[in-house]
Every structure is written in structure tokens, then in C-alpha cells.
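The structure appears below as C-alpha cells.
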Amino acid sequence: MHPPLSSSSVHDDLLNALFRATTDFVFMKDMDGCYVTVNAAGARLLGMSPEEIAGKDDYALFPHEIADHLVEQDRQVMELGVPISYEEQIPFAKTVLHLHTVKSPWRDASGAIMGIVGVARDISARICMEQELQKTKSRFSKLFASDLMGIHLPDRFGAIVEANDEFLRITGYTRADLEAGLVRWDIMTPPEYRQVDEAHIAEAAERGSCTPYEKEYVRKDGTRVPIMCGYALLEDSQDNYIAFIQDLSALKQSEQAVLQAEKLNTAGRFAASMAHEINNPLAAVINLAYLASHDEKLDASTRTLLREADHELARVARVVTQTLRFHKQSTFAGMADVKEILESVFPLFASQLRARHITLHRAYREVPKLLCYQHELRHAFANLAGNALDAMQTKGGALRVRLRQGHRWGGDNVGGIVVTIADTGTGIAPVMRDRMFEPFVTTKEQIGTGLGLWATKNIVGKHHGHIRFRTAIGAKRHGTVFRIFLPLNGIPRAEGQDS
1 MHPPLSSSSV HDDLLNALFR ATTDFVFMKD MDGCYVTVNA AGARLLGMSP EEIAGKDDYA
61 LFPHEIADHL VEQDRQVMEL GVPISYEEQI PFAKTVLHLH TVKSPWRDAS GAIMGIVGVA
121 RDISARICME QELQKTKSRF SKLFASDLMG IHLPDRFGAI VEANDEFLRI TGYTRADLEA
181 GLVRWDIMTP PEYRQVDEAH IAEAAERGSC TPYEKEYVRK DGTRVPIMCG YALLEDSQDN
241 YIAFIQDLSA LKQSEQAVLQ AEKLNTAGRF AASMAHEINN PLAAVINLAY LASHDEKLDA
301 STRTLLREAD HELARVARVV TQTLRFHKQS TFAGMADVKE ILESVFPLFA SQLRARHITL
361 HRAYREVPKL LCYQHELRHA FANLAGNALD AMQTKGGALR VRLRQGHRWG GDNVGGIVVT
421 IADTGTGIAP VMRDRMFEPF VTTKEQIGTG LGLWATKNIV GKHHGHIRFR TAIGAKRHGT
481 VFRIFLPLNG IPRAEGQDS
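Numbering (full-length UniProt numbering), first residue to last: 1 to 499.
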């Protein structure tokens, strides 16, 4: 039989077993800072055996600055007589570890301090995870704060609990509205998109996220904004999402501009084709009318009627010729007389000038020929003239066109040609003035496309020119003046291939 073990022996055995088994770094130091004992786990970190470590101090085991730090910790523990915990980064034999260390006073039976006892736990994995989490949070915070997309946290019932500034900009709401619970995606969604939303919510419930799709939101001011949206379920939730929206307004406007430009181009080609088809039989009719008017058997009344017919047919012929010239396309710049380009525009508006009682005043000075894209300048001048006539359609007025040499406004000496087109119409309302050259901005809601001035500015810009306007809407003084400056050397000679 084994002799009975004393309770003290059992206690010591249990402590030794715990000392050997724990994966934490357990150690004891005396008052001089020398290691009295170290467990196997701690010795492995130092690349030595417990026996080799015993009797050594921190200066024998660590770099001097680290040892200074550890000795100062020991001094604080023994001086204060209470346990102190630290989180620190310590270099060992083969690695650098983040440790959570608790150091306590080591006392004898009488309570006198004999040194310290410490337990250090490796928290490197936790620190690494926290750092990665912090990086992720930082990246998301930057994305959330950016204006790349509208990010928000909705639930499937319609509420939005958080949103970034870009989301609020797109929807037209304020942060105060958001905090008051007034921003709800279900209210902002028009009825025709609700079935689409339900289908994508079901998709997100099944696979965790939905395929991005297009819809519209009704902004706070009642206008609609086209958006692309998508969302994903938050972890451990069936009701809450993280979602994004992108403002598609610019994209939709560009698509509409391309479509409208194609329509206008098609209409232009059709007009040119019709003019060409009309030209030949028209020439025959003019010749026949001429021959008939010289028949000696005709009475004076009939001869007068034929002369009137010949006059009107000649006018039709001029319109046909101008239409063909107006829609003639060229991909190259060529030398042209700006006066001739201007003059080719007004026959197209002859009937409107008469019907609306508008007087046309021309003031042309001699200017040099200009290397330009003729058909595009013709379109630009026609856009401005057409807008001027529309502004005077109810009360008539005067359309003034001036052509002269001049210098670019701004005080430099760049020479060029200045074209001025002025009307005595109703003028442009102040609310519209800053946006007149934007696409789809129009003062003629029923008949305008909102592309004329936008296209005109682009054409002038293509010639490295400038366009500006001034306008008045008063009872006595009203009307609009557009002025275009075209530099003589705006287009490099290498671009001019047409003569």
C-alpha cells in the first residue's frame, strides 16, 4: 500500500500539473528580478529550457529596451502590492507576440513580498482579428462617406435606419428627415415598381443578396430620379439589409440625347431626301410655267397669274436648295464665308417671319473666311434663330443679326469673328439662366427637346469658340442677345481637308 498523501502534497502536485499543462507563459521572479521558475510553455517561447532560464533576469533574455520596460512593470507591482495587467508586444526567440500579462505580488506566509508571479497569454490572433476588423471598418467608413453611391440600411418593411450623404442627395431628403423616420423606401417607390421590389426581396431572402436592378424613386420634391439599386441581407437577419443606389440621371440623359440626336439626324436625312426628290419635278414645273407665260394667246390676267406662280415656284426652289445645303454633311473642316452660312439659314424661317410679324435686320461687316465645320455652324445659327422666333411668336418683334471681326472677351488679343443674334421676345426667366446650356433644359415644354442650346455650345466649343447671352424680362425692356466668338485659328489647319 502507498502511504497516504498529505493535503499539502496533493495541493503541490495539482499546482505543478497545472503549471506544466497550461499553454500560458507562467513565471515567478525574486526581488532582484531573476526568474525563479518558468513553465515549459514559457521556456519554449524563449527557446530555452526552464533550467536554463532559472537565475537569469530580463536583461539576459530580452533586448535592453524591452528589459527596461519589464523591470519597470515589476517595480510597480511590488511597490503598489496589487496585481497589474498589461497588453504589450514582446519579441521572443522566433516570433513577436501580443501578450496579455497579469503580474501579482509573490508573498510568503507572513505576507511579505518575495517577488512577483506572472501569467502571460498570447492574444496575437485576437489582435490580428481586431486589426483586420478595424481595416474593414475603415474601408467601409470611407466608402460610406464617399459620393460614389448612396448607401443605406433599410429593412424589408420600408424603414431606413441609416444612410450616407449621397443617398440623401439623390433622394432630396435631409439628415433631420432621416432621423425623424420620414425617409422610407416603400413611400419613395412608385406603385409600378412594387412587384419588381417584391421579386428581388424574395431573391435576397433565398440567396442572401439580389441582382442589381433599375427602378425610380420619388424624391422629396415630387420629381422622379432613375436609380440602380441592390441589397444584401445582414448576417443573422431576415429583415434587415445593407443596400446601395446609384443615380442614373446622367446616364439616362445621355441615352436620351443619343436617341434624340438620331431622330433629328434621321429627320434631316429624310428632309434632304425629300428635297432632292422634289427638285427635279420642281425644275420641270418652273420651266413649263415659264414657257406658258410667254404664250402670245394668253390674256393679261392669266399672264399675271403665271408670273405670280413663277415667283412662288422660285421661292419653293430656294427653300429646296437651302434644305439640301442645310443637311449636307461633311466630316472635314473647310474654308467658308460665315455671312453665306448665316444667309443660308433665314430662308428656312421665311414663312415664320411673315406669319409672326417679325422683322429681320441684318448688319454684316466684312470678315475673313473661316476654317470651320460649315454644316455644324449652320445648325448652331439655326438653333439660335429658331429660339428667337419662338420667343416672339405671340407678339412679333425684331430679329437682329450682326457679323463683325473682334477679339475674344476677357481682355486678350485672340482675334476672330463675332456673331450676334438678338430678339425682342419675352426673355429668359432667372431660374432657367444658369442651366440654359444643359441638356434637356427647355423653356418650351410642349415642343422643345432641350438639346438646341446644348448642341450649339458643343459646336462652338468644337471650334474653340465661346458663347454667352444676356436677357431681360421687364415690361419695357425685354429680349435675349446671344453672342458667339469664333477664333480665326480655332481649328488647326491639319483638320481642314475640304476646300
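We put the CB at the ideal spot given by N, CA and C, even for glycine.
Integer Cβ distance of residue i from residue j, believed to fall under 8 Å
i: residue 333; j: residue 282; result: Not confirmed; about 32 Å, so no contact.
i: residue 486; j: residue 417; result: 5 Å
i: residue 405; j: residue 460; result: In fact, because the Cβ distance is near 17 Å, the residues do not count as touching under 8 Å.
i: residue 118; j: residue 101; result: 6 Å
i: residue 433; j: residue 403; result: That pair is no contact at about 25 Å.
i: residue 76; j: residue 84; result: 6 Å
Per DSSP, the bridge partner or partners of residue i
i: residue 231; result: 243
i: residue 478; result: 473
i: residue 57; result: DSSP, once it has assigned bridges, lists no residue as partnering residue 57.
i: residue 351; result: Answer is none; residue 351 lacks a bridge partner.
i: residue 335; result: 371
i: residue 216; result: 226
i: residue 91; result: 96
i: residue 415; result: 407
Test item: CB-CB of residue i and residue j under 7 Å
i: residue 216; j: residue 190; result: yes
i: residue 228; j: residue 248; result: yes
i: residue 20; j: residue 43; result: no
i: residue 409; j: residue 437; result: no
i: residue 243; j: residue 231; result: yes
i: residue 384; j: residue 482; result: yes
i: residue 114; j: residue 122; result: no
i: residue 116; j: residue 135; result: no
i: residue 221; j: residue 172; result: yes
i: residue 152; j: residue 163; result: yes
i: residue 423; j: residue 480; result: yes
i: residue 143; j: residue 120; result: no
i: residue 471; j: residue 428; result: yes
i: residue 213; j: residue 154; result: no
i: residue 239; j: residue 184; result: no
i: residue 371; j: residue 338; result: no
i: residue 27; j: residue 35; result: yes
i: residue 158; j: residue 177; result: no
Option nearest residue i by Cα separation, candidates the options
i: residue 425; options: 390, 432, 438, 457; result: 390
i: residue 335; options: 112, 463, 80, 154; result: 463
i: residue 415; options: 466, 482, 183; result: 466
i: residue 49; options: 392, 37, 373, 59; result: 37
i: residue 97; options: 125, 116, 338; result: 125
i: residue 419; options: 412, 428, 401; result: 401
i: residue 180; options: 394, 160, 187, 120; result: 160
i: residue 357; options: 476, 388, 47; result: 388
i: residue 89; options: 127, 56, 177; result: 127
i: residue 29; options: 63, 18, 73; result: 73
i: residue 288; options: 273, 307, 166; result: 307
i: residue 380; options: 353, 138, 346; result: 346
i: residue 362; options: 284, 399, 312; result: 399
i: residue 223; options: 188, 377, 211; result: 188
i: residue 290; options: 279, 277, 304, 278; result: 304
i: residue 393; options: 413, 353, 369, 376; result: 353
i: residue 478; options: 413, 457, 344, 395; result: 395
i: residue 233; options: 213, 203, 256, 219; result: 203
i: residue 413; options: 489, 158, 374; result: 489
i: residue 31; options: 58, 492, 140, 51; result: 58
i: residue 209; options: 297, 237, 182, 218; result: 237
i: residue 407; options: 484, 386, 170, 131; result: 484
For residue i, three-class secondary structure by DSSP
i: residue 369; result: coil
i: residue 106; result: strand
i: residue 296; result: coil
i: residue 488; result: coil
i: residue 135; result: helix
i: residue 179; result: helix
i: residue 19; result: helix
i: residue 346; result: helix
i: residue 499; result: With a pLDDT of 40 at residue 499, under the threshold of 50, the modelled position of this residue cannot be trusted; read the value that follows with caution. The answer is coil: DSSP assigns residue 499 none of H, G, I, E or B.
i: residue 127; result: helix
i: residue 249; result: helix
i: residue 544; result: An answer regarding residue 544 cannot be provided, because it is not within the stretch 1 to 499 covered by the chain.
i: residue 360; result: strand
i: residue 28; result: strand
i: residue 399; result: strand
i: residue 462; result: helix
i: residue 483; result: strand
i: residue 446; result: Summary for residue 446: the model assigns pLDDT 47, below 50, so the residue's position carries little reliability; its value from the coordinates is reported in the next sentence. Here residue 446 sits in coil by DSSP.
i: residue 313; result: helix
i: residue 35; result: strand
i: residue 150; result: strand
i: residue 386; result: helix
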